[in-house]
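Colleague: Dropping the structure in here first, questions after.
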Amino acid sequence: MNLLIAQCGGPTAVINASLASLVKAAQASPGIGRVLGARLGLEGLLAGDWVELTGLTPADLARLRMQPGAALGGGRYRPTAEDLDRAPAWLAARGVDAVALIGGGGTMAAGLALDRAARAHGAPLRVAGVPKTIDNDLAGTDVAPGYGSAARFIAQTTRDAGLDLRAMRRFDDVMVIEVMGRHAGWLASASASALARARPDDPPHLILLPEARLDEERLLARIAAIHRQTGYCLVVSAEGVRDEAGRFLAEKGAAVESDASGQPLLSLAAGVAPYLARRIRHTLGLRCRQARPDTLQRSCSALASSLDRDLAALVGAAAVRGLEEGRSAIMAGLVRGEDGWRVAFVPLADVAGRTRLVPPDFRDDERFDVTPRFLDYARPFVFDGDEESAPLVW
87 MNLLIAQCGG
97 PTAVINASLA
107 SLVKAAQASP
117 GIGRVLGARL
127 GLEGLLAGDW
137 VELTGLTPAD
147 LARLRMQPGA
157 ALGGGRYRPT
167 AEDLDRAPAW
177 LAARGVDAVA
187 LIGGGGTMAA
197 GLALDRAARA
207 HGAPLRVAGV
217 PKTIDNDLAG
227 TDVAPGYGSA
237 ARFIAQTTRD
247 AGLDLRAMRR
257 FDDVMVIEVM
267 GRHAGWLASA
277 SASALARARP
287 DDPPHLILLP
297 EARLDEERLL
307 ARIAAIHRQT
317 GYCLVVSAEG
327 VRDEAGRFLA
337 EKGAAVESDA
347 SGQPLLSLAA
357 GVAPYLARRI
367 RHTLGLRCRQ
377 ARPDTLQRSC
387 SALASSLDRD
397 LAALVGAAAV
407 RGLEEGRSAI
417 MAGLVRGEDG
427 WRVAFVPLAD
437 VAGRTRLVPP
447 DFRDDERFDV
457 TPRFLDYARP
467 FVFDGDEESA
477 PLVW
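Per my numbering, the sequence shown starts with residue 87, numbered consecutively.
Below is the structure:
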């Protein structure tokens with residue numbers, strides 16, 4: 087059996103740990119011959135733009151495991167139904183018997199389509215999905231590798247920005263930090279995880295999630311009240327926050343480009359932070375800074391979570407095991423138990439087309455905040471085994 091691996095979608099700080107683990111497990115498998123990598127995700131997979139990975143050395147794999155970005159290249163290429171229908175026979179003709187796709191929901195949907203085409207045409211192709219997304223919105227896994235590192239970055243960055251804002255509260259009034267997350271607010275929620283909140287007025291003061299429609303007037307009133315009480319206010323917002331009418335706030339400041347499928351490219355838009363900053367200045371008369379970490383939140387290796395990297399490696403090795411066992415149309419999902427993490431194979435049919443939102447018991451929509459249950463969920467990634475005490479401020 088020859089294995090072809092593709093890294094799809096956007097990179098993360100730990101996606102290469104999954105790639106290195108896939109290659110290492112395949113090298114150790116007596117049933118796997120060649121290991122190939124597709125450049126630029128599904129685009130390279132379908133175009134035959136492949137690189138040989140079979141001969142990577144242990145030293146190569148150790149370096150790859152720690153490297154951020156996607157070594158094979160990612161991308162947002164959207165194959166047509168016809169592309170995916172023809173692919174299994176085309177891959178079989180070139181000696182590929184198995185495919186491992188590292189990616190999020192769209193990638194898992196493409197993997198399901200590949201498997202169904204293979205079954206329909208009698209092509210000997212096995213397909214395994216390896217979960218990856220900083221948005222953490224992938225169904226079928228208790229966490230998606232990539233999220234833990236991005237969450238740690240957001241939590242640490244928010245804590246540091248909050249201390250800076252507090253120190254400058256006679257000059258700066260409000261700060262809005264905009265983080266990724268179109269439909270799910272997992273990353274924005276993580277902003278609350280790094281600070282012990284020893285005092286009621288510890289930042290972030292307000293967290294805006296896509297799961298709850300935003301009453302802008304109520305938000306502005308809360309910002310004004312917090313500023314009167316503390317002298318400053320730190321707001322963290324997901325890029326996909328919508329108003330009560332269902333319109334993206336990112337679309338209200340300026341026109342937004344769309345991708346080939348018609349989805350608005352919120353990360354390339356004027357954004358939530360500029361829109362809210364303008365409203366805060368004009369309505370409340372407060373000076374407002376804005377910050378958009380953008381791709382830094384998914385690419386920063388300096389704050390990568392070691393637990394996140396270990397889980398990325400775990401699902402990579404598990405995907406090879408599933409393929410060896412003759413499975414197909416499965417994803418290596420992660421399950422957290424009292425004794426740690428394990429892998430459970432999940433049918434791609436149960437993953438494709440589903441979005442895993444921040445559940446109601448993790449959110450406090452009335453207070454624009456998260457609950458202790460979310461903090462319990464996120465802290466192992468954010469602290470990464472090194473608990474921090476509350477900062478000293480006077």
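Think of the CB as a built atom: it goes at the ideal place given N, C-alpha and C, for glycine as much as any other residue. Since the structure is predicted, the reported quantities are computational estimates derived from the model, not experimental observations.
Give me the Cα-Cα distance between Ala237 and Gly208, rounded to the nearest whole angstrom.
Modeller: Numbered from 1 along the sequence shown, position 151 holds the residue referred to as residue 237. Numbered from 1 along the sequence shown, position 122 holds the residue referred to as residue 208. Distance between the alpha carbons of Ala237 and Gly208 is about 43 Å.
Colleague: Residues bridged to Cys319 by DSSP?
Modeller: Along the sequence shown, one-based indexing puts residue 319 at 233. Its beta-bridge partners are Val260.
Colleague: DSSP beta-bridge partners for Phe431?
Modeller: Translated into the one-based positions of the sequence shown, residue 431 becomes position 345. According to DSSP, which records beta bridges pairwise, Phe431 is partnered with Ala418.
Colleague: Whose CA, out of Val322, Glu337, Asp146 and Ala241, lies closest to the CA of Arg328?
Modeller: Residue numbering aside, residue 328 sits at position 242 when the sequence shown is read from its first letter. Of the listed residues, the one whose Cα sits closest to Arg328 is Glu337.
Colleague: Spatial neighbours of Pro97 within its chain, please: CB distance less than 6 Å, with the 5 preceding and 5 following residues excluded, ordered by chain position.
Modeller: For the purposes of this step, residue 97 is identified with residue 11 of the sequence shown, where counting begins at 1. So the list reads Gly155, Ala156 and Gly160, once near-sequence residues are dropped.
Colleague: Which residues in the same chain as Val121 place their Cβ atom closer than 6 Å to its Cβ, once the five residues preceding and following it in sequence are excluded?
Modeller: Numbered from 1 along the sequence shown, position 35 holds the residue referred to as residue 121. Same-chain partners within the cutoff: Leu89, Val109, Ala112, Leu139 and Thr140.
Colleague: Does the region 227-247 touch the region 199-213, meaning 3 or more C-beta pairs lie closer than 8 Å?
Modeller: no
Colleague: Specify whether the region 307-322 and the region 357-377 touch according to this definition: at least 3 beta carbon pairs, one from each stretch, less than 8 Å apart.
Modeller: yes
Colleague: Can you tell me the Cβ-Cβ gap for Ala186 and Ala403, rounded? I've got them flagged as a contact below 8 Å.
Modeller: The residue given as residue 186 occupies position 100 in the sequence shown. The residue given as residue 403 occupies position 317 in the sequence shown. Wrong, their Cβ atoms sit about 11 Å apart, outside the cutoff.
Colleague: Taking Pro379 as the reference, which of Gly408, Glu325 and Leu370 has the closest Cα?
Modeller: Residue numbering aside, residue 379 sits at position 293 when the sequence shown is read from its first letter. With respect to the C-alpha of Pro379, the residue from Gly408, Glu325 and Leu370 having the closest C-alpha is Glu325.
Colleague: In terms of DSSP beta bridges, what is Gln93 paired with?
Modeller: For the purposes of this step, residue 93 is taken as the residue at position 7 of the sequence shown. In the DSSP output, where bridge partners are listed per residue, Gln93 has Ile188.
Colleague: Assuming Pro290 and Ala278 make a contact with CB atoms under 8 Å, what is their CB distance in whole Å?
Modeller: The residue you call residue 290 lines up with position 204 of the sequence shown. The residue you call residue 278 lines up with position 192 of the sequence shown. Between Ala278 and Pro290 the Cβ distance is about 6 Å, and since that is below 8 Å, they are a contact.
Colleague: Is the distance from the Cβ of Ser275 to the Cβ of Leu295 below 9 Å?
Modeller: Taking the first residue of the sequence shown as position 1, residue 275 is located at position 189. Taking the first residue of the sequence shown as position 1, residue 295 is located at position 209. Yes, the pair counts as a contact, with Cβ atoms nearer than the cut-off.
Colleague: Quick one: Cα of Ala133 to Cα of Ala175, how far?
Modeller: For the purposes of this step, residue 133 is taken as the residue at position 47 of the sequence shown. For the purposes of this step, residue 175 is taken as the residue at position 89 of the sequence shown. Our two residues, Ala133 and Ala175, have alpha carbons roughly 14 Å apart in a direct line.
Colleague: Which of the three DSSP states is assigned to Asp451 in this structure?
Modeller: Here the question's residue 451 lines up with position 365 in the sequence shown. Of the three classes helix, strand and coil, the one that applies to Asp451 here is helix, per DSSP.
Colleague: Cutting at 6 Å between CB atoms, please list the residues of its own chain near Asn102, excluding the five before and the five after it.
Modeller: For the purposes of this step, residue 102 is taken as the residue at position 16 of the sequence shown. Cβ within range, chain order: Leu150, Gln153 and Ala157.
Colleague: Quick one, are the C-beta atoms of Val479 and Leu292 less than 9 Å apart?
Modeller: On the sequence shown, position 393 is the one that residue 479 refers to. On the sequence shown, position 206 is the one that residue 292 refers to. No, these two residues do not count as a Cβ contact at 9 Å.
Colleague: Checking the sheet assignment: what are the DSSP bridge partners for Leu55?
Modeller: This structure gives no information on residue 55, because the portion of the chain shown stretches from 87 to 480.
Colleague: Identify the residues that DSSP records as bridge partners of Val121: which are they?
Modeller: As a first step, residue 121 must be located in the sequence shown, where it is residue number 35. DSSP output for Val121 lists Leu89 as bridge partner(s).
Colleague: State the start and end residues of the unbroken alpha helix (DSSP H) segment that holds Ala112.
Modeller: Looking up residue 112 in the sequence shown gives position 26. From DSSP, the alpha helix (DSSP H) with Ala112 extends over Ile101 to Ala114.
Colleague: Three-state secondary structure (DSSP) at Glu129?
Modeller: Residue 129 sits at position 43 when you count from the first residue of the sequence shown. Reduced to three states, the DSSP call for Glu129 is helix.
Colleague: From the DSSP output, read off the bridge partner residues of Pro217.
Modeller: As a position in the sequence shown, residue 217 is number 131, starting the count at 1. According to DSSP, which records beta bridges pairwise, Pro217 is partnered with Gly189.
Colleague: Give the single residue among Asp425, Gly189, Asp288 and Asp472 whose Cα lies nearest to the Cα of Asp223.
Modeller: Numbered from its first residue, the sequence shown carries residue 223 at position 137. For Asp223, the closest of Asp425, Gly189, Asp288 and Asp472 by C-alpha to C-alpha distance is Gly189.
Colleague: So, Leu78 versus Asp183, is the Cβ gap smaller than 9 Å?
Modeller: Any property of residue 78 remains undetermined from this structure, which presents the chain solely from 87 to 480.
Colleague: Given a threshold of 16 other Cβ atoms within 10 Å of its Cβ, counted over all protein chains shown, does Thr193 qualify as buried or as exposed?
Modeller: In the sequence shown, residue 193 corresponds to position 107, counting from 1. Buried, by the Cβ-count rule.
Colleague: So, using beta-carbon positions, are Met261 and Gln376 closer together than 9 Å?
Modeller: Along the sequence shown, read from residue 1 onward, the residue named residue 261 stands at position 175. Along the sequence shown, read from residue 1 onward, the residue named residue 376 stands at position 290. Yes, they are a contact pair.
Colleague: Which stretch, first to last residue, makes up the alpha helix (DSSP H) that contains Val406?
Modeller: Numbered from its first residue, the sequence shown carries residue 406 at position 320. Looking at the DSSP string, the run of the alpha helix (DSSP H) that includes Val406 is Ser392 to Glu410.
Colleague: For Arg205, which of Pro217, Arg180, Asp171 and His313 has the nearest alpha-carbon?
Modeller: In the sequence shown, the residue the question calls residue 205 occupies position 119. The shortest CA-to-CA distance from Arg205 to any of Pro217, Arg180, Asp171 and His313 is the one to Asp171.
Colleague: Would you tell me roughly how many angstroms separate the C-alpha atoms of Arg164 and Arg440, rounded to the nearest one?
Modeller: The residue you call residue 164 lines up with position 78 of the sequence shown. The residue you call residue 440 lines up with position 354 of the sequence shown. So the two alpha carbons sit approximately 18 Å from each other.
Colleague: Can you round the beta-carbon distance between Asp221 and Gly267 to whole angstroms, since I take them to be within the 8 Å contact cut?
Modeller: For the purposes of this step, residue 221 is taken as the residue at position 135 of the sequence shown. For the purposes of this step, residue 267 is taken as the residue at position 181 of the sequence shown. Right, their Cβ atoms sit about 6 Å apart.
Colleague: Using three-state DSSP, classify Gln383 as helix, strand or coil.
Modeller: On the sequence shown, residue 383 is found 297 positions in, with the first residue counted as 1. Three-state DSSP puts Gln383 in a helix.
Colleague: Along the beta strand (DSSP E) that carries Glu330, what are the first and last residues, could you check?
Modeller: The residue labelled residue 330 in the question sits at position 244 within the sequence shown. Counting along the chain, Glu330 falls outside any beta strand (DSSP E), and DSSP gives it neither H nor E.
Colleague: If distances are taken between C-alpha atoms only, which option among Ile309, Asp455, Ala270 and Pro466 comes closest to Ala390?
Modeller: As a working mapping, residue 390 is identified with position 304 in the sequence shown. Considering only alpha carbons, the answer is Pro466.
Colleague: Rounded to the nearest angstrom, how far is the Cβ of Leu461 from that of Gln383, given a contact under 8 Å?
Modeller: Here residue 461 refers to the residue found at position 375 of the sequence shown. Here residue 383 refers to the residue found at position 297 of the sequence shown. Their Cβ separation, rounded to whole angstroms, is 19 Å, which puts Leu461 and Gln383 out of contact at 8 Å.
Colleague: My parser needs the beta strand (DSSP E) runs of 3 or more residues fully inside the region 261-306; what are they?
Modeller: 292-294
Colleague: Between the Cα of Ser104 and the Cα atoms of Val401, Glu330, Val429 and Gly408, which residue gives the shortest distance?
Modeller: To locate residue 104, count along the sequence shown from 1; it is residue 18. Taking only the C-alpha atoms, the option nearest Ser104 is Val401.
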